[in-house]
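At position 283 of the first sequence the residue is numbered 576 (our numbering), and the sequence of numbers has no breaks. Just below is one structure, and these are the notes that go with it.
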Amino acid sequence: MPQKPSLPKGTRDFSPVEVAKRQHIIQTIKKHFERYGFEPIETPSFENSETLLGKYGEEGDRLIFKILNSGDFISKVDDVTYSSKNSTTLAPKITERALRYDLTVPFARYVVMHQNEIAFPFKRYQIQPVWRADRPQKGRFREFYQCDADVVGAKSLLQEVEFVSLYDAIFTDLGLEGCTIKMNNRKILSGVAEVIGAKHHLIDFTVALDKLDKIGEEKVKAEMLERGLSAHAIERAAPLFQMEGDISQQFEQLKKLLSESEIGLEGVIELEEIYNWVEEGGLQTAKLELDVTLARGLNYYTGAIFEVAAPEGVAMGSIGGGGRYDDLTGIFGLKDVSGVGISFGLDRIYLVLEELGLFPEKLTQSLDYLCLNFGGEAEKAAFELVMKLRNQGFRIDMYPSAAKMQKQLKYADKRNVPAVVFLGAEELEKREFIVKNMSSGEQSVGSLDNITATFQ
RNA sequence: GUGGUUGUAGCUCAGUUGGUUAGAGCGCCGGAUUGUGGUUCCGGAGGUCGCCGGUUCGAACCCGGUCUUCCACCCCA
């Protein structure tokens with residue numbers, strides 16, 4: 294009995310139209326990456342487990358897909374480990390490889406391994422799928438694409454400015470106007486933790502703060518208490534909950550709050566400089582905002598942090614993120630290489646563009662013309678015409694058999710062909726053909742002896 | 001990983017307190033129309049009701065398990 298086929302949780306098939314739409318996004322992103330001087334690389338879909346494990350925190354490790362060793366791997370495990378039934382000690386012995394979890398850590402590995410061939414600063418982009426053993430939800434999949442651009446070996450804040458501009462250029466080109474680029478700085482978060490006397494609770498402090506827009510001030514404070522912060526510390530952090538005014542006023546409020554913290558002030562000054570640079574150049578459609586509660590994906594960021602939110606009214610998690618990480622390659626033994634990068638979430642951008650109806654109509658057209666088939670001598674003449682037009686670069690297909698016209702036209706309809714070509718016995722006799730526009734219904738006559746007069 | 005939710009035709013969904021042969025709309029195929037599609041009319045095909053097991057004379061419906069979907073946590077693109 295044949296089994297019913299199914300797809301693993303969190304994965305999807307893509308139809309021709311969906312692939313065309315995804316390619317449209319990818320092509321747009323690539324075009325702008327290259328315009329800004331980034332070069333493409335690719336890395337394997339799986340890495341050695343030790344390359345990935347421990348880089349994303351405990352939570353991240355849990356979400357990494359581990360690949361079972363091949364061969365008789367159980368017999369190689371010692372009895373103590375085997376009988377302990379402890380996944381954390383057993384797993385490393387039977388899974389020596391794992392699917393990549395993002396593109397940044399494999400990139401860091403790449404940089405370290407190829408450091409002698411690379412001309413620094415190295416600007417690379419990478420568009421490949423990543424895998425996470427997460428529980429799927431809307432816009433969260435177990436297999437999804439990331440589109441990353443990073444620069445390593447350049448400490449200048451000019452890099453951050455370029456990335457903001459790149460975000461703006463790409464989202465504008467995709468027709469996705471009104472995106473918000475939220476910006477924060479790890480140094481500000483560290484500084485705040487320092488001045489409120491919660492230096493050792495930095496992570497607890499930021500994780501709770503990050504939820505401000507979602508659960509509100511009271512609940513955030515409650516969570517901070519629960520996470521071990523003192524009431525006094527929370528009280529001192531009050532100005533964070535009351536940031537107001539335009540961005541430069543917010544910078545002033547932060548400076549006041551952080552006046553005792555060298556690192557905190559440094560963070561504010563960095564963002565201020567980025568902001569001033571961006572202001573000078575101007576953005577096309579995106580808005581750059583300061584968001585001191587932004588703290589996600591904090592694991593390896595050390596400086597600026599970015600996150601992009603879709604235009605208002607679209608319920609979707611962030612569609613892009615990034616930041617500066619000063620010592621990512623350090624874990625692989627290469628010190629003092631500063632890096633900064635951004636990422637685009639292809640799958641989420643797709644969902645947003647779909648929801649807003651922003652995909653160009655043209656993408657659903659896979660053919661410029663369909664040539665009908667009337668059989669006999671006309672079929673040969675039609676095939677000849679089709680081949681000539683293909684050689685000229687047109688996307689043209691010929692119906693493979695002399696089926697009823699009704700059927701052939703219905704097929705043209707379904708394929709969303711803008712125009713069909715008729716070349717039957719009647720036309721052949723006069724050395725002609727007819728071109729019918731499928732949306733207007735208009736027909737025009739062309740000459741077989743001068744096809745370029747019709748097709749150009 | 002925790003708690004909840006969902007699954008019936010290709011798609012969107014009905015289906016009464018458990019009771020003969022499980023329905024609709026859209027789509028699909030054929031005809032009206034042998035050289036003109038997207039409109040209309042007529043006809044037709046298509047389902048082991050997610051899967052496995054249990055209760056019952058009898059299960060789409062009740063119970064258990066499992067997979068899937070979506071949601072809230074966790075975390076994140």
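All C-beta atoms in this analysis are idealised placements derived from N, C-alpha and C, irrespective of residue type, glycine included.
| query | If you follow the alpha helix (DSSP H) that Arg425 is part of, which residue opens it and which one closes it? | reply | From DSSP, Arg425 is part of no alpha helix (DSSP H); its letter is neither H nor E.
| request: Mind reading off the beta-carbon distance from Asp706 to Arg688? Whole number of angstroms is fine, and I expect it under 8 Å. | output: At roughly 17 Å, the Cβ-Cβ gap does not stay under 8 Å, so Asp706 and Arg688 are not in contact.
| task | To the nearest angstrom, report how far apart Ser483 and Phe498 are at their CA atoms. | result | Ser483 and Phe498: Cα-Cα distance of roughly 10 Å.
| What are the boundary residues of the beta strand (DSSP E) that includes Leu788? | There is no way to answer for residue 788, as the model of the chain reaches only from 294 to 749.
| query | Going straight from the alpha carbon of Phe748 to that of Thr657, what length do you get? | reply | 21 Å
| query | So Asp461 and Leu587 are in contact, right, with Cβ under 8 Å, and what is the actual spacing, rounded? | reply | That belief does not hold up - the Cβ atoms of Asp461 and Leu587 are roughly 18 Å apart, past 8 Å.
| request: Check each candidate in Asn684, Lys628, Glu559, Phe599 and name the one with the smallest Cα separation from Ser611. | output: Phe599
| query | According to DSSP, what are the bridge partners of Gly613? | reply | Beta-bridge pairing links Gly613 to Val601, Phe637.
| field | Three-way DSSP call (helix, strand, coil) for Met731 in this model | value | coil
| request: With distances taken Cα to Cα, identify the nearest neighbour of Ala442 among Val423, Tyr418, Gln430, Lys448. | output: Tyr418
| request: May I ask you to list the residues that DSSP assigns as paired with Asn341? | output: Arg390
| task | Grab the span of the beta strand (DSSP E) containing Phe456 for me, first residue to last. | result | For Phe456, there is no enclosing beta strand (DSSP E); the enclosing alpha helix (DSSP H) covers residues 451 to 466.
| field | Length-filtered (3 minimum) beta strand (DSSP E) runs lying within the region 653 to 677 | value | 662 to 664
| Identity of the residues DSSP links to Thr382 by a beta bridge | In the DSSP output, where bridge partners are listed per residue, Thr382 has none listed.
| Top-ranked residue by Cα proximity to Val312, from Gln546, Tyr438, Leu361 | Tyr438
| request: Have a look at Tyr593 and Lys314 and give me their C-alpha separation to the nearest angstrom. | output: 33 Å
| request: Alpha carbon to alpha carbon, how far is Lys512 from Gly468? Give it in angstroms, no decimals. | output: 37 Å
| query | Can you list, in chain order, the residues of its chain whose CB lies under 6 Å from that of Met294, leaving out five sequence neighbours each side? | reply | Any reading at Met294 must be qualified, since the residue scores a pLDDT of 39, below 50, and its modelled position is unreliable; the value itself is stated next. So no residue of the chain qualifies.
| task | Would you mind stating whether Asp640 and Ser631 have Cβ atoms separated by less than 8 Å? | result | Not a contact, by the Cβ cut-off of 8 Å.
| message | Could you compute how far the alpha carbon of Ala486 sits from the alpha carbon of Glu455? | response | 29 Å
| query | Is Ile387 near the ligand ADP, in the sense that its beta carbon is under 7 Å from a heavy atom of that ligand? | reply | Absence of the ligand ADP from the depicted structure is noted, as is the absence of any ligand whatsoever, leaving it without description.
| field | Distance between Leu356 and Asn362 (C-alpha atoms, nearest Å) | value | 18 Å
| How about Lys548 and Leu564: do their beta carbons lie closer than 8 Å? | no
| query | When burial is assigned at 16 or more other CB atoms within 10 Å of the CB, is Ala701 buried or exposed? | reply | Reading off the sequence shown, one finds Gln at residue 701, where the question assumed Ala. Per the 10 Å Cβ criterion, buried.
| message | For Gly490, which residues in the same chain have their Cβ closer than 8 Å to its Cβ, ignoring the five residues on either side in sequence? | response | Ser523, His525, Ala526, Arg529
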